[in-house]
């Protein structure tokens, strides 16, 4: 049974896999970059990270929204699209990659 979240679009379950960097996971960095490489969800702090699985965690996307409801503004991104902002409260800039 899927759990729904009031800020998630219809059909996107709370437990949908989302990759986050360790700064976001630990709650010390805000989500400033959301991307969908190959359709996967990523919610990252926007800093550069090494190509090392140890700096990422997997969480349900609903947990990202629980911490920062403003991320729900970009949950309409399609595969291979991204959104970035300079700080919390700033507008998201969207693009394709």
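Residue numbers (my numbering): 41 to 137.
Positions of the beta carbon are idealized from the N, C-alpha and C atoms, including for glycine.
Quantities reported herein were computed from a predicted structural model and do not represent experimental measurements.
| query | result |
| --- | --- |
| Apart from the five residues on each side of it in sequence, which residues of its chain come closer than 6 Å, Cβ to Cβ, to residue 101? | 56, 58 and 81 |
| To the nearest whole angstrom, what separates the beta carbons of residue 49 and residue 116, a pair I think is in contact under 8 Å? | 7 Å |
| Roughly how many angstroms separate the alpha carbons of residue 136 and residue 75, rounded to a whole number? | 9 Å |
| With a 10 Å radius around its C-beta and 16 neighbouring C-beta atoms as the bar for buried, classify residue 52 as buried or exposed. | buried |
| Kindly indicate which three-state DSSP category residue 112 falls into: helix, strand or coil? | helix |
| For residue 122 and residue 111, what's the separation of their Cα atoms in angstroms? | 12 Å |
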